[in-house]
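Protein chains in written order, with the numbering used here: chain P, 1 to 791; chain D, 1001 to 1791.
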């Protein structure tokens, strides 16, 4: 059933008039009955009102009173802008809910805004659409109609993302006070803008005590640029405000949007008992002071160097009872990253770290978990203005009662990027010898034992009672699991024995709705044999994501582009006698669309030099795509890959393949806004051959002085590049300006008439690897690249 | 009686050891008696221990326990460094007090530091000395011995100021938590550094809830440079810290140190019910946010344009129930000054003003009391870096329920230095027509009447109940006098009728100690007739401050300098036949010493061209001096006045006098540190004649881009300057670089062979006045002076 939205002006303006009338009436009553107190409570009719379209919904909202339930009929609600206003009470909120959880879908150009007091929304599923305003859910209708004590709970927001990734929005905007997002599943935002944002502009929005609890924040894909946070609380301009937002008991599962999974930018917030599971980023106390980060679990599982822990800027934070497991990120992404500040920093840059306590945390099998003076960049004074130089070292910082355990010794638990003179270490314990440059007496090597309680969860065999009693430490009353720390039972590290029960590091069942299955069962992949071009076109269109199309040997003449909008494998049945796809299509052989993931195996692709092998859509590349080429041959194209500005590839990989006779190779160079964005995350060329590429074999660009992202990756190993670059006007073979991670080793460069193979960025640790170079110019290294300032 | 100090190392280190032992013991007790709680309380012997010297004092401190009183014997305690440590209780503090209030004096190189818990000091009088450390009184002995719940009360600190004004100290340093300065009289600090300073560096010192109550802050002289605050709470580097200092019920009487009488630089402080009496400066919320300024009284009495009210920077302040009487300061010193900020300001500059509420204040006979976007300096972009340009206008600022009453209409109650787009006005009332550029509907002209309750105190004849109910306004529960604001009885302005009793704006008896008489009776001025040089020298040395030396007609040959260290008038008995002082002294005729105030009337001074007429001491000019020359003649000196770097004259005035045949005139040009300091505050030449001055008639310098001070004053009116400047190498007659207030009108400049009379600073409103100029060069105007940045 699809319910058509009927355009209707919402009635919250009348609501405001009514509110004012009530106010005046109340005043009058108070004035004339000063001895006899009169409380005018509304008669609680507590209606259930079922609505089938937006007109009925608006009418129901307009007429609702405390205790009412407005029930959205099952089906798809398309293009609806819900304005939910009114005045409930603590005991009798006004509820707006789906008829049957899991059967009410909000789709199309839709959003939902709260205004009033004690309003609850539940059991809605947002999908197949995006907001036409700046937010999907907002706790404010306008500046005069702000929500307080309102709740968005038991809902799903799934890939409700803008068609254009460059268009900015938030999925949940917090305004007002005492609002709540709970028990919801939120996933798949791929456009510009934090998923959830707390606003503090205006006195109505401070001291907010918002509750963000028990949610399942599912995967947020890499964004390839900044502004991909999952939660942002405040901003630099309101970073002086007392916020008091509570983020408790949430799961952050692969929230990979950018370097800040959570970006704290205000004061007195509390982050407790959340699990960060393989999320490529950190909980970052970016601005604001006196925040609490307690009892959180950070799990890296050694999956990637991008998975971090807690990064600290500013003053007065307490980081206690946290548990870090197999975190191997470094610098910005280390388990604990204490930054250097900019002296007298401007409001939106980096204040010095002072008065921070890091106590009673456990670091299990992490690599160099304590990194100090991170971001120190005095060496870049030549390319950065003074106002960007982070030279103010941490002051009055205390590390105490922490536990570092490594199954295999971690000889450098501390990494320091500057002198360490403002950090005190007291009663921290490690089970191997510390060979770091910094060897404080307060990091003590002893041979303690640990017990494995469950997957990834280790505790001390016996409590270590050598606990340092620092200033205000009596306020650390509980451990990771909420068990008491007492004078008689306390321990170093995040956990005090005995642990009750048999806790799990991650129990996915604790988070999100009580009705939505996060891990939908996958259809098994079909294998579809194809022997003609027409069949290939038809089956490609019909296939389910994950299917494999198997081509018989032979030649396939394709006059039109093949669109790819799902995961599809195209492979030759006989790898010895590869199928040959010959394209006479106009613009491109394959058109990569959002979520397209093309895997070519044992295929020969040939063009007529008039088209590219792969291109993206020109616009609305709302989600990432992937290209994986294996044991294949590509020849006679203009470019191998041409992309559009807003497009983003997560992975481009080439393995055991040959590219020849093309004008250019892979052109990931259209995102030139110099705001830190770029067109692909990972570009990997392995054991492949480039022959007679007229221009560059790769042009991959990232501009702007930004540190929010992984920053792009080039890995070239075992390739041979010959006879290329002849027509390259800049005399260069690989353009990689601004890409952070570049590794080019064990390749052969031969007979390429260029001056430069590639320019490497010394400050990012890029060095010319071991390559065989013959008549092919050379690698150049520039220590400090001058980038455009973004701030 | 003078008690000699005996040098003795204080024993607080042992105290700490004992404290630790007790702690360990307590732990052991707790560990072994988990079921049976044991509290080891000290036996309260409650001793009174009278001590006569520092050795006895140290011993008594070492042995003291809760309830003890350590009594300092009457007399002068010289060169004592008191370290008062120990552990009292709330009910039984340890008390250190003077034997008889008013008879125990702390003198010489002395100080007092607290460390511990519940310690009280009372009945001491600090005078005739200065601290050898960085503070006179400190609530901290060292970083491990900080005071909590300690009290300094019923004490006097009087001119306990550093001999060298450039040496920085504080008289009271607050550290720790819950400490108190109360019922004390504090006056006469003339050196560098705020009188009282609250420190927030380190978690031990935040959430401090210090009480600064019922004190009498007596006159603090003009400093002629920054760092002359009476109270500073925090600093820019700790301006993010929650402070919660309470400054209640204090009198600030002529606290003229600099533009900030109080400099707030932290969060959540409260300034309530203080009286600012003719203090040349403002209560300035310079850094930090969410501060409360409630129920204070600002009295200008039209005495000076330097007397201000409240100046606001940053976010979230509530300015309520304040009463402003005859404040005529403008810009930085207006009754309410809301500043423009610097976009994304660095930590130590100016943040934008946002979310500020100015409500229920009364402005009685003030001039243009509301000044908005103060400090806007976009016009100075040429001489200032971008990081100094205050272009961020106030945002989300609310003026509501304020009352402006003028006996004589103030046609421009609002002055705006930039566009006003972020300020909302609601239900403010004024009794004359508002002809300001900004004419908000929320500033309503009505012809209301007022009642005079007492001197300077006016209330509305009838409450004006048209009160705007803004967000959180229900928290404004009381008026200026603590009377309730209720739904049934409320009013516009600071005061709700009926007022109880007959309150006074200023009741000096409410402040300071219960034993010290602030207004000491003055000895009547003696008139001393003198007829010989020797007698003059002898009587000058003997005279009391305020005395008048009357010279018979005749010539006095003086071979030595005459020192002036008090107020002294030297006058001719016969003004028609003036006494002539002929100097052959080496360096100077008169040597101005600290607190010297020389008044010359009807005197002829002549030198031999080898010495100056007036000089200051070369160093240790601890306090200001004044020179007042009337109906006198000065000739044949090198310079009329030569000063030393650290010296400061409050007033230099010349009236109906003649200066001739000198190399130079008044040389107030030695303070060249370019930190905003300068050598004199007011220089006034009236109806006088300068003839044959070889160089400049005045060289008066102030360097550094600073706004903390009045900035120096030149007023020249009705003078004749002839035949001067012939030997001036820069071809200029008056050097006044950096002086803020310059008025040169109705003078005659004739036959002075210079190019430039003076360079005027356009941005400060300096314009060439109406002067007669003949063969004397011209005035130049430079719009924006390039000054040295100090930050």
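Glycine is no exception: its CB is placed at the ideal position from the N, C-alpha and C atoms.
Sequence-distant residues of the same chain with beta carbon closer than 7 Å to residue i, five excluded per side
i	result
residue 1501/D	none
residue 1674/D	1703, 1704, 1788
residue 369/P	324, 327, 334, 335, 336, 363, 404, 413
residue 1786/D	1383
residue 1162/D	1130, 1169, 1191, 1622
Cutoff 8 Å; reference residue i; Cβ partners in own chain excluding five residues on either side
i	result
residue 1028/D	Annotation note: pLDDT 44 at residue 1028/D (below 50); position unreliable, no value reported.
residue 1762/D	1781, 1782, 1783, 1784
C-beta atoms of residue i and residue j nearer than 7 Å
i	j	result
residue 264/P	residue 288/P	yes
residue 1290/D	residue 1313/D	no
residue 1108/D	residue 1079/D	yes
residue 1326/D	residue 1355/D	no
residue 690/P	residue 644/P	no
residue 76/P	residue 126/P	no
residue 1416/D	residue 1379/D	no
Partner residues on chain D for residue i, Cβ-Cβ distance less than 8 Å
i	result
residue 508/P	The contacting residues do not exist; residue 508/P stays about 37 Å from chain D at best.
Own chain residues within Cβ distance below 6 Å of residue i, not counting five before or after
i	result
residue 1274/D	1250, 1296
residue 25/P	Bear in mind that a pLDDT of 48 at residue 25/P, under 50, signals an unreliable position, so the model cannot answer this.
residue 101/P	123, 515
residue 992/D	The first residue shown for chain D is 1001 and the last is 1791, placing residue 992/D beyond what the model contains.
residue 315/P	289, 354, 355
Minimum C-alpha distance to residue i - residue among the options
i	options	result
residue 1183/D	1713/D, 1531/D, 1663/D, 1124/D	1124/D
residue 1054/D	1066/D, 1717/D, 1088/D, 1096/D	1096/D
residue 1334/D	1143/D, 1677/D, 1299/D	1299/D
residue 1428/D	1460/D, 1436/D, 1466/D	1466/D
residue 221/P	81/P, 624/P, 683/P	624/P
residue 1490/D	1359/D, 1503/D, 1447/D	1359/D
residue 715/P	629/P, 653/P, 303/P	653/P
Contact list for residue i against chain P, beta-carbon separation under 8 Å
i	result
residue 1588/D	Those within 8 Å of residue 1588/D in chain P number zero; the least Cβ separation is about 44 Å.
residue 1164/D	Near residue 1164/D there are no residues of chain P at all, since even the closest Cβ is about 28 Å away, more than 8 Å.
residue 1128/D	In chain order: nothing, as chain P lies at least about 38 Å away.
residue 1351/D	240, 347
Cross-chain neighbours of residue i in chain D, by beta carbon under 9 Å
i	result
residue 348/P	1344
Contact test: residue i Cβ vs the ligand ATP heavy atom, cutoff 6 Å
i	result
residue 652/P	Ligands in the displayed structure: none, and consequently the ligand ATP is not present.
Contact list for residue i against chain P, beta-carbon separation under 9 Å
i	result
residue 1290/D	206, 240, 241, 242
Chain D contact residues for residue i, given Cβ-Cβ distances below 7 Å
i	result
residue 355/P	1202, 1203
CB contact check: residue i to chain B, cutoff 7 Å
i	result
residue 1606/D	Absent here is chain B; the protein component of the structure consists of chains P and D.
(request) Name, going along the chain, the residues of the stretch 168-183 of chain P whose beta-carbon falls closer than 8 Å to a beta-carbon of chain D. (result) none
(request) Taking only beta carbons into account, state which residues of the stretch 245-273 of chain P come closer than 9 Å to chain D, listed in chain order. (result) 267, 268
(message) Taking beta-carbon pairs under 7 Å, can you tell me which members of the stretch 1467-1478 of chain D lie near chain P?
(response) 1471, 1472
(request) Taking a Cβ distance cut-off of 8 Å, strictly less, list which residues of the stretch 1314-1345 of chain D are near chain P, in chain order. (result) 1314, 1315, 1316, 1344, 1345
(request) Below 8 Å between beta carbons is the criterion; list the residues of the stretch 1201-1217 of chain D that meet it against any residue of chain P, in chain order. (result) 1201, 1202, 1203, 1204, 1206
(message) To be precise: take each residue of the stretch 387-417 of chain P, compare its Cβ to all Cβ atoms of chain D, and keep it if any distance is under 8 Å. Which residues remain?
(response) 387, 396
(request) Would you list, in chain order, the members of the stretch 426-442 of chain P that have their beta-carbon closer than 7 Å to a beta-carbon of chain D? (result) none
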